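Participant: Structure below; questions to follow.
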Amino acid sequence: MVTTPGEVSKLLERIQEGDRSAESRLFDLLYADLRRMAAYHLRRERSDHTLEPTALVHEVYVKVFAQSPPETRTRAHFMALAAQVMRRFLVDHARTRNAEKRGGQQEVLPLDQAFVYDTRRSDEFLEIHAALERLREWAPRQSQIVEMRYFGGMSEGEIAEYLNVSSRTIKRDWAMARAWLHAELST
Amino acid sequence: MTPEQWQRLQELFDEVTQKPLADRPTALRRVEETVKDPSLLEELRRLVEHAEPDAEFLRPIQAKVAGCAIQVGEVVAGRFEILRLIGRGGMGQVFEARDRKLDEQVAIKVIAPEFVRDAALLERFLGEVQIARRISHPNICRIHDLGEHGGVPYLSMELLEGETLAKHLEQGPLALPEWEHIARQLFDGLRAAHMAGIIHRDLKPSNLMLVGSRLVILDFGLARPILTRGDSSLTRTGTLIGTLDWMAPEQLLGEYDERSDLYSAALILLQALKGKPSENESSGLAGALRRATGDTDFRKLLPPSMTAAWRYVLLRCLERDPDGRPARAQEVQDLLTQRRRLLFAGLGNLARNRWIRISTVTAILLALIIPGFRYLNREGLKAGSVIMVASTLNSTGETKLDGITSVLRADLEQSSRFNVWDDQRLGDVLRSMRREALSKPEPKEWREIAVREKAPLLVFSTLIRLGDGYMLAIRSEEIGSAPEPPVKAWERSFTATGPAGLFEALHDAANWIRSNAGENAADLSANSRLPQDITTNNWEALQLYDQARSLNAARHATEAIPVFQRAIQLDPQFAMALMWLGDLLNAQNKSEEGFAYWRQAIELAHAQHLSDHETLNIESRYYIEIKDFKAAEPVLLDWTRRFPNDSLAPRLLASALFGLGRYEDAISAARGAQQRFGPTVFGTSILIRGLAARNQLADVEAQIQVLESLSAHAVALRFGGMTAAMRGDYDEAARLFRELASTAQGEAASRAIGLLAILEADRGRMDEAYNILSAAISRDRDEGEYGLASQKTAALAFLEGIRGNRELARTRVQEAVSVAGPSPQVILESVTILARNGYVDDAVRLLKRFPSGEGPGFDAARDRMQGEIAAARGELQNAVELLDRAASTDRPRDPKEYLARVLDLAGYRERAKSIYQNIADTPWVIWASPEDVWPGTRFIARQYLLKAKGE
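Residue numbers (this note's numbering), protein chains in the order written: chain A, 4 to 190; chain B, 43 to 993.
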């Protein structure tokens, strides 16, 4: 693991203080870790290891926070970031997969050995990803709520805390965004 | 869209969607009245329409990253002091903790948040844990408690100090004694779990813990739920499907049961003998796929020093098809212990039943020594193939279970794809092998019989006592052109708790054999009545039934009858026994009794006491027996349609068509069956008779050769004589019948002598015929063939009548009908002879003894007798009417001499002449069924025609 717990903690502190560059730095770190770990787990000696993207992020989290649990707000930050990481990870993976299917030569994580993705699901990632990008143009909050909930698995309460809005707002935003996405994906 | 438009849209959307679903259209209309922007309205309508998507839509793909619900240093449930993180398992983290209450170290396992997320999944998991908690076994990690901390479930478990098998194997492979010790513990742990109804699903060296020499299976009931077919939430999540390296092939399809654990266990044990996987070995998905496609030959991986029993167990557990594996871990232990016991203990007490002893040991040794058989040949056998069921080896010492073979056969006979070999041929086959007809063939001889009888699949079965229950071991062998070795073999054993449970075990066995041989699931389930429903659930009755059938197969029909009767006394609803009894009694001329049994059987068949197959069989055969071929035809057509692979149905159809006088149709049906299923004696006989009816004598000769090829020399001789006689070559015919009389035994020999008499009479040598018959009658009586003697005596009475010896004719008739249960044919003939010789009162009295059978055969016979009596009384017009009616219901092939005779008496000379002419010109009318025709019928016809010409 390249990312050290100390480094993550430091970055999280800076994020807390409003440092946007710290956020992108942490994102990059986590993303790199995610990929490295995926490759690591797929090596023979760990091939009996069950593997899920979620579990990977989780593992990073445990390594970083196992000894000193973060306060709630830091945790929410971490999770929101993890949601973005996850989104990127899955979207990248789906893209390389699709590229591979078309005979592309892009660098491909050897994930298919271990992941059995529902192919519809992988297309769904890309579609939702694209729709969220559009939605962000006029409704950035809704777009982010979907990201945190769908890719990050965060609860309404956690999202509300992170975004500093009421739970009711989250509920309304979510319902509306979900209807809109459903409509978009159905056509 | 602009943020402002979206804002506005959201307000309207909220307004509408706050309403219950039913009120939304109204709410929407109200909004439409106030809002004028059409594009906004259109978008609103679209969103409202999509406001309630499927719950699956946008379900989070990522687990809640809530971190650990439990932290080091924390005290959980006021009791468990969390000391350190030991590791991370498939389901979450594991901590070492100190139980303050009991003052001992325990392991605390926290369930990963992603498992808490899904309520259904969590419930399933908790359910399994509840069961797993109840398992207390040294080879299974004990789960103490299930609790909840901060909304996340955790488990407290036995804390084990040791290393995992995975770690242990890094030091190199296990030595055989250590291996065996571990293997036993692994199967023992699995047995305890399987008995509790828990499947591990994710066995791997890293969750087998070695604590000293003790093996402990971890994570029982904790295996992360694997993708399950039909479980859409899991499929949609698209997670990993499990630990590929140790996975059973069926798990790739998302299917698993106890047998998947056995596969994984055997695979791990195999690995333990080799140490770490080598570099060129495929692992992960590639390895799993390789195993699933059957590319791996496990036999080569077994060390030569391994015991045969372990070898056998491992290979069985590694069968690619779960059906080939032991059903559960208990069975593995049975295999290990039972086999040893039988092999060693068995040799000690040979005296009790030498045959059973030797065969049991042979069968087991065979099973152990012959490796062979891996995955099933899914294409299976050709449709219409014959499955031969060897007699079950019953080594339980309980003779009442001897009927097991019949149960298995009856169950298999339901198949619409295969034919079950007719075990009634066993006696004849054994005789042709120069073996005693009642002897029991050894496995080797069964294979020989299978080759002779062209049965590509031979099923052996052995019943063994197993504690309080039984084990039925089935071995299915594919037989090639040589008896040994079998091309392929499959084995499986079925356990049952008591005699009643044996039926289910047999049914499972039959289904396994059927699917193994290539019957598809749809056909299988369409014809899968339970064997006790189509036979009886009374084992004593089954034993008698089986015994009676063996007697009959050995041609001891007379002895078989009382045994069948005893079986029916035990279960009056035993339809198959009733059918057999009816059949045998009919063959013994006790048709009244026979038909009564038969009708009972048919009634029971309609009340569903038989399988569909057996119902069609019995019904069509009943119609053929009562000569109601018109009724038989549709039943037979139905049978051939529903069971297109049945080899008997088309032959019976040929026989019915022959009875209907549709000879060309009969020939083509019989030929078709011969080409499709190979020749049989019965089918070829029908074909020969059809060909003879069309006077195609050259084809008849060719078919006689077919009979010879079937070793049916006696039948060939009979038809050879018939053909010679039809050609007018009486000397050749006489030679063949004489040969038959001297080589055949019992009934066949007696019938051959009868044929000689008929031959002499046909060429006009009535005295010779008379002498032959007289001699034959005393011979029949000496041999106890009273039925045949009665038949010949009636023929002799007829000849006396022709000679003008009225008194003697009457005496002979009295002799003929004095036997117990004279056949309807004998009564018909006797009444006719009495009437024609002027003994009208006697005839009327005897007529009353004619059985009340139904069907055209009986109707025609009754009309004939009434007609003869009417003629004797001088009521000629009435006689002509009755006999005309008889002739039209009678079998087309009957010469109908009776009608010609009365037509002549009544003055219808031309009609009489034309019938006589037909008889004189067509030798076949005699030879189609010579024993049903007066001796010298053609001679009489020729005399008549001569006389008519002279006039």
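Positions of the beta carbon are idealized from the N, C-alpha and C atoms, including for glycine.
Here the structure is a predicted model, which is why all the values come from computation and not from measurement.
1) Distance, Cα to Cα, L218/B vs S255/B?
2) Taking R511/B as part of the alpha helix (DSSP H), name the residues at either end of that continuous run.
3) So, are the CB atoms of L850/B and S872/B less than 7 Å apart?
4) So is V374/B buried or exposed if we call it buried at 16+ other beta carbons inside 10 Å?
5) List the endpoints of the continuous beta strand (DSSP E) containing W352/B.
6) DSSP puts H210/B in a beta bridge; with which residues?
7) Is S792/B closer than 7 Å to D822/B when the C-beta atoms are compared?
8) Throw me the rounded Cβ distance for the L830/B and V855/B pair, which I believe falls under 8 Å.
9) Give me the residue from P934/B, K955/B, W969/B with the minimum Cα distance to G8/B.
10) Check each residue of the region 52-68 of chain B: if its Cβ is closer than 9 Å to any Cβ of chain A, include it; give the result in chain order.
11) What does the Cβ neighbour count give for A178/A, buried or exposed, with the cut at 16 atoms within 10 Å?
12) Is the beta carbon of D176/A closer than 7 Å to that of Q147/A?
13) How many angstroms separate the CA atom of Y196/B from the CA atom of V114/B?
14) Across which residues does DSSP place I660/B in a beta bridge pair?
15) When you compare the region 650-668 of chain B with the region 611-619 of chain B, are there three or more beta-carbon pairs, one atom per stretch, that lie closer than 8 Å?
16) Can you tell me which of the three DSSP states E190/B falls into?
17) Taking the beta strand (DSSP E) that V136/B falls in, what are its first and last residues?
18) Could you give the distance in angstroms between the alpha-carbon of A432/B and the alpha-carbon of K496/B?
19) At least one CB of chain A closer than 7 Å to the CB of R88/B: is that the case?
20) Between the region 882-899 of chain B and the region 662-675 of chain B, do three or more beta carbon pairs fall short of 8 Å?
21) On the three-state DSSP scale, how would you describe F460/B?
22) So what does DSSP say about L245/B, is it helix, strand or coil?
23) Is there at least one Cβ from chain A nearer than 7 Å to A93/B's Cβ?
24) What are the boundary residues of the alpha helix (DSSP H) that includes K174/A?
25) Can you find a CB in chain A that lies within less than 7 Å of the CB of L309/B?
26) Roughly how many whole angstroms lie between the Cα atoms of L870/B and E743/B?
27) Kindly indicate the opening and closing residues of the alpha helix (DSSP H) around V757/B.
28) Do Q585/B and G469/B have their C-beta atoms within less than 7 Å of each other?
29) Here's the rule I'm using: 16 or more other beta-carbon atoms within 10 Å means buried, otherwise exposed. How should Q589/B be labelled?
30) Would you give the residue range spanned by the beta strand (DSSP E) that F536/B belongs to?
31) In whole angstroms, what is the alpha-carbon distance linking A238/B and L311/B?
32) From the DSSP secondary-structure annotation, give me the bridge partner or partners of A149/B.
33) Between P527/B and T504/B, what straight-line distance do the alpha-carbon atoms span, to the nearest angstrom?
34) Entirely within the region 562-632 of chain B and at least 4 residues each: give me those alpha helix (DSSP H) ranges in chain order.
35) For C183/B, would you say it is in contact with chain A, using Cβ-to-Cβ distances shorter than 7 Å as the test?
36) Got a sec? Which residues, its chain only, sit under 7 Å from P721/B by beta carbon, not counting five neighbours each side?
Facilitator: Walking through what the data contain:
1) Locating residue 218/B in the second sequence gives position 176, where the first residue counts as 1. Locating residue 255/B in the second sequence gives position 213, where the first residue counts as 1. Inter-residue distance for L218/B and S255/B is about 14 Å (C-alpha atoms, whole angstroms).
2) Mapped onto the second sequence, residue 511/B falls at position 469. It is Gly, not Arg, that sits at residue 511/B in the sequence shown. Where G511/B is concerned, there is no enclosing alpha helix (DSSP H), although the beta strand (DSSP E) it sits in stretches over 511-520.
3) Position 808 of the second sequence holds residue 850/B. Position 830 of the second sequence holds residue 872/B. Taking 7 Å as the Cβ cut-off, L850/B and S872/B do not qualify as a contacting pair.
4) Start at 1 with the first residue of the second sequence, and residue 374/B comes out as number 332. By the 10 Å Cβ count, V374/B comes out buried.
5) As a first step, residue 352/B is located in the second sequence; it is residue number 310 there, counting from the start. The continuous stretches of beta strand (DSSP E) do not include W352/B, which lies in the alpha helix (DSSP H) extending over residues 350-359.
6) On the second sequence, residue 210/B is found 168 positions in, with the first residue counted as 1. The partner list for H210/B (beta bridge, DSSP) is empty, contrary to what the question assumes.
7) Along the second sequence, one-based indexing puts residue 822/B at 780. Along the second sequence, one-based indexing puts residue 792/B at 750. It is a contact, given that the beta carbons lie within the stated cut-off.
8) For the purposes of this step, residue 830/B is identified with residue 788 of the second sequence, where counting begins at 1. For the purposes of this step, residue 855/B is identified with residue 813 of the second sequence, where counting begins at 1. With 8 Å as the limit, L830/B and V855/B do not qualify as a contact, their Cβ atoms being about 17 Å apart.
9) Residue 8/B is absent from the structure shown; chain B starts at 43 and stops at 993.
10) Q52, F55, D56, T59: these are the residues of the region 52-68 of chain B whose beta carbon lies less than 9 Å from some beta carbon of chain A, given in chain order.
11) Taking the first residue of the first sequence as position 1, residue 178/A is located at position 175. The residue in question, A178/A, is buried, as its Cβ has 16 or more Cβ neighbours within 10 Å.
12) Sequence index remark: in the first sequence, residue 147/A carries index 144 (1-based). Sequence index remark: in the first sequence, residue 176/A carries index 173 (1-based). In this structure, D176/A does not lie closer than 7 Å to Q147/A by Cβ.
13) Here residue 196/B refers to the residue found at position 154 when the second sequence is read from its first residue. Here residue 114/B refers to the residue found at position 72 when the second sequence is read from its first residue. Straight across, the Cα-Cα distance linking Y196/B with V114/B is about 14 Å.
14) Taking the first residue of the second sequence as 1, we reach residue 660/B at position 618. According to DSSP, I660/B bridges with nothing at all.
15) Verdict: yes, contact present.
16) Counting from one through the second sequence, the residue named residue 190/B turns up at place 148. In the displayed model, E190/B falls within a strand according to three-state DSSP.
17) Counted from its first residue, the second sequence places residue 136/B at position 94. Following the DSSP letters along the chain, one finds V136/B inside the beta strand (DSSP E) bounded by residues 135-141.
18) Position 390 of the second sequence, counted from the first residue, corresponds to residue 432/B. Position 454 of the second sequence, counted from the first residue, corresponds to residue 496/B. Spanning the two alpha carbons is a distance of roughly 14 Å.
19) Residue numbering aside, residue 88/B sits at position 46 when the second sequence is read from its first letter. So, interface residue.
20) With a cut-off of 8 Å, the region 662-675 of chain B and the region 882-899 of chain B count as touching, because enough Cβ pairs lie within range.
21) For this step, residue 460/B is matched to residue 418 along the second sequence. Of the three classes helix, strand and coil, the one that applies to F460/B here is coil, per DSSP.
22) Along the second sequence, one-based indexing puts residue 245/B at 203. Correct three-state label for L245/B: coil.
23) Locating residue 93/B in the second sequence gives position 51, where the first residue counts as 1. Chain A contact via Cβ: present.
24) Position 171 of the first sequence, counted from the start, is the residue given in the question as residue 174/A. Looking at the DSSP string, the run of the alpha helix (DSSP H) that includes K174/A is 170-189.
25) Here residue 309/B corresponds to residue number 267 of the second sequence, with the count starting at 1. It does not: the Cβ of L309/B has no partner Cβ on chain A nearer than 7 Å.
26) The residue labelled residue 870/B in the question sits at position 828 within the second sequence. The residue labelled residue 743/B in the question sits at position 701 within the second sequence. In this structure, the straight-line span from the alpha carbon of L870/B to that of E743/B is close to 34 Å.
27) Here residue 757/B refers to the residue found at position 715 when the second sequence is read from its first residue. Its alpha helix (DSSP H) spans residues 755-769.
28) By one-based count along the second sequence, residue 585/B stands at place 543. By one-based count along the second sequence, residue 469/B stands at place 427. Contact: no.
29) Looking up residue 589/B in the second sequence gives position 547. The residue in question, Q589/B, is buried, as its Cβ has 16 or more Cβ neighbours within 10 Å.
30) For the purposes of this step, residue 536/B is identified with residue 494 of the second sequence, where counting begins at 1. In the DSSP assignment, F536/B falls within the unbroken beta strand (DSSP E) covering 530-538.
31) In the second sequence, counting from the first residue as 1, residue 238/B sits at position 196. In the second sequence, counting from the first residue as 1, residue 311/B sits at position 269. For A238/B and L311/B, the distance between alpha carbons rounds to 23 Å.
32) Counted from its first residue, the second sequence places residue 149/B at position 107. DSSP lists E138/B, M199/B as partners of A149/B.
33) The sequence position of residue 527/B within the second sequence is 485, counting from 1. The sequence position of residue 504/B within the second sequence is 462, counting from 1. For P527/B and T504/B, the distance between alpha carbons rounds to 20 Å.
34) If only uninterrupted alpha helix (DSSP H) runs of at least 4 residues are considered, those enclosed by the region 562-632 of chain B are 563-568, 573-576, 581-595, 599-612, 617-629.
35) The residue given as residue 183/B occupies position 141 in the second sequence. Taking Cβ atoms only, chain A never reaches closer than 7 Å to C183/B, which makes this a no.
36) As a first step, residue 721/B must be located in the second sequence, where it is residue number 679. Once the five neighbours on either side are set aside, the close Cβ partners of P721/B are V748, L752.
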